[in-house]
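In my numbering, the protein residues as written are 500 to 622. Beta carbons are placed, not taken as given, at the ideal position from N, Cα and C, and that holds for glycine.
In C-alpha coordinates:
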(Lines of atoms letter the chains of each structure in order from A and count residues from 1; the text may use other names and numbers.)
(Lines give C-alpha, C1' and ligand atoms only; values in the text may rest on other atoms or scores of the structure.)
Protein backbone atom coordinates (compact mmCIF):
# COMPACT_ATOMS: atom_id res chain seq x y z
CA UNK A 1 0.00 0.00 0.00
CA UNK A 2 1.08 3.50 -0.65
CA UNK A 3 1.73 5.88 2.20
CA UNK A 4 -1.71 7.56 2.06
CA UNK A 5 -3.82 4.51 1.27
CA UNK A 6 -5.67 2.54 3.90
CA UNK A 7 -8.08 -0.35 4.05
CA UNK A 8 -11.41 0.16 5.80
CA UNK A 9 -13.68 -2.77 6.63
CA UNK A 10 -16.97 -2.97 8.46
CA UNK A 11 -19.74 -5.41 9.22
CA UNK A 12 -23.45 -4.80 9.10
CA UNK A 13 -26.43 -6.99 9.81
CA UNK A 14 -30.04 -6.36 8.88
CA UNK A 15 -33.10 -5.91 11.05
CA UNK A 16 -34.13 -9.11 12.82
CA UNK A 17 -30.61 -10.56 12.88
CA UNK A 18 -29.89 -12.26 16.23
CA UNK A 19 -27.04 -9.79 16.88
CA UNK A 20 -29.52 -6.90 16.76
CA UNK A 21 -31.95 -8.70 19.08
CA UNK A 22 -29.15 -9.49 21.53
CA UNK A 23 -27.91 -5.89 21.46
CA UNK A 24 -31.42 -4.66 22.32
CA UNK A 25 -31.62 -6.99 25.32
CA UNK A 26 -28.11 -6.11 26.54
CA UNK A 27 -28.87 -2.38 26.19
CA UNK A 28 -32.11 -2.77 28.18
CA UNK A 29 -30.21 -4.61 30.94
CA UNK A 30 -27.57 -1.86 31.04
CA UNK A 31 -30.25 0.85 31.19
CA UNK A 32 -31.99 -0.87 34.12
CA UNK A 33 -28.70 -1.35 35.98
CA UNK A 34 -27.82 2.33 35.56
CA UNK A 35 -31.28 3.33 36.85
CA UNK A 36 -30.57 1.36 40.02
CA UNK A 37 -26.92 2.42 40.43
CA UNK A 38 -25.26 5.15 38.37
CA UNK A 39 -21.87 3.54 39.14
CA UNK A 40 -22.94 0.05 38.07
CA UNK A 41 -20.26 -2.19 36.58
CA UNK A 42 -21.88 -4.01 33.67
CA UNK A 43 -20.21 -6.47 31.30
CA UNK A 44 -23.20 -8.28 29.83
CA UNK A 45 -23.35 -10.56 26.79
CA UNK A 46 -26.48 -12.01 25.22
CA UNK A 47 -26.69 -15.01 22.90
CA UNK A 48 -29.84 -16.00 20.99
CA UNK A 49 -30.88 -18.94 18.88
CA UNK A 50 -34.23 -20.52 18.08
CA UNK A 51 -36.41 -20.29 21.19
CA UNK A 52 -33.41 -19.76 23.48
CA UNK A 53 -31.66 -16.78 25.11
CA UNK A 54 -28.51 -16.91 27.24
CA UNK A 55 -27.62 -13.83 29.30
CA UNK A 56 -24.19 -13.91 30.89
CA UNK A 57 -21.37 -11.80 32.19
CA UNK A 58 -20.44 -9.78 35.24
CA UNK A 59 -22.68 -7.17 36.84
CA UNK A 60 -22.00 -5.43 40.15
CA UNK A 61 -24.51 -3.02 41.68
CA UNK A 62 -24.15 -1.13 44.95
CA UNK A 63 -27.81 -1.48 45.91
CA UNK A 64 -30.06 -4.19 47.33
CA UNK A 65 -32.49 -4.24 44.42
CA UNK A 66 -31.37 -6.37 41.47
CA UNK A 67 -32.78 -6.30 37.95
CA UNK A 68 -35.09 -9.09 36.82
CA UNK A 69 -32.99 -10.10 33.80
CA UNK A 70 -35.53 -12.59 32.47
CA UNK A 71 -38.35 -10.03 32.61
CA UNK A 72 -36.16 -7.44 30.86
CA UNK A 73 -35.38 -9.93 28.08
CA UNK A 74 -39.03 -10.97 27.64
CA UNK A 75 -40.25 -7.35 27.68
CA UNK A 76 -37.60 -6.39 25.11
CA UNK A 77 -38.55 -9.29 22.82
CA UNK A 78 -42.20 -8.27 23.11
CA UNK A 79 -41.39 -4.60 22.41
CA UNK A 80 -39.51 -5.42 19.19
CA UNK A 81 -42.21 -7.80 17.96
CA UNK A 82 -41.10 -11.31 18.88
CA UNK A 83 -44.44 -12.44 20.28
CA UNK A 84 -44.66 -15.95 18.83
CA UNK A 85 -42.41 -18.99 18.53
CA UNK A 86 -43.41 -19.03 14.85
CA UNK A 87 -41.09 -16.02 14.45
CA UNK A 88 -38.13 -18.08 15.65
CA UNK A 89 -38.32 -16.87 19.22
CA UNK A 90 -41.34 -15.92 21.29
CA UNK A 91 -41.24 -13.56 24.24
CA UNK A 92 -43.38 -15.87 26.39
CA UNK A 93 -42.31 -19.26 25.05
CA UNK A 94 -38.51 -19.13 24.79
CA UNK A 95 -36.17 -20.61 27.38
CA UNK A 96 -33.94 -18.02 29.08
CA UNK A 97 -30.83 -18.91 31.08
CA UNK A 98 -29.13 -16.34 33.28
CA UNK A 99 -25.42 -16.71 34.07
CA UNK A 100 -24.56 -13.40 35.76
CA UNK A 101 -21.82 -13.14 38.38
CA UNK A 102 -20.43 -10.12 40.19
CA UNK A 103 -17.37 -8.42 38.80
CA UNK A 104 -13.99 -9.81 39.78
CA UNK A 105 -12.58 -8.06 42.86
CA UNK A 106 -9.28 -7.50 41.04
CA UNK A 107 -11.00 -5.63 38.23
CA UNK A 108 -13.23 -3.69 40.63
CA UNK A 109 -10.24 -2.47 42.67
CA UNK A 110 -8.66 -1.00 39.54
CA UNK A 111 -11.87 0.68 38.45
CA UNK A 112 -13.20 2.68 41.42
CA UNK A 113 -15.10 5.86 40.57
CA UNK A 114 -13.82 7.72 43.62
CA UNK A 115 -10.35 8.20 42.13
CA UNK A 116 -10.79 8.72 38.39
CA UNK A 117 -7.19 9.91 37.89
CA UNK A 118 -5.84 6.57 39.10
CA UNK A 119 -8.36 4.43 37.23
CA UNK A 120 -7.14 1.15 35.80
CA UNK A 121 -7.68 0.15 32.21
CA UNK A 122 -10.70 -1.96 33.10
CA UNK A 123 -11.59 -4.77 30.73
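| Query | Result |
| --- | --- |
| Using DSSP's beta-bridge definition, name the partner residues of residue 548. | 551 |
| Name the DSSP bridge partner or partners of residue 540? | 559 |
| Is residue 570 helix, strand or coil by DSSP? | helix |
| Using a Cβ-Cβ cut-off of 7 Å (strictly less than) and excluding sequence neighbours within five positions of residue 502, which residues of its own chain qualify? | none |
| So is residue 602 buried or exposed if we call it buried at 16+ other beta carbons inside 10 Å? | buried |
| Alpha carbons only, please: which of 550, 579, 535 and 578 is nearest the one belonging to residue 593? | 550 |
| Under the three-state reduction of DSSP, which class applies to residue 565: helix, strand or coil? | coil |
| Taking only the alpha-carbon atoms, compute the straight-line gap between residue 568 and residue 554 and give it to the nearest angstrom. | 8 Å |
| Give the secondary structure of residue 594 by DSSP, where H, G and I count as helix, E and B as strand, and everything else as coil. | strand |
| Between the beta-carbon of residue 533 and the beta-carbon of residue 525, is there less than 8 Å? | no |
| Does the distance from the C-beta atom of residue 529 to that of residue 541 stay below 8 Å? | yes |
| According to DSSP, what are the bridge partners of residue 589? | 582 |
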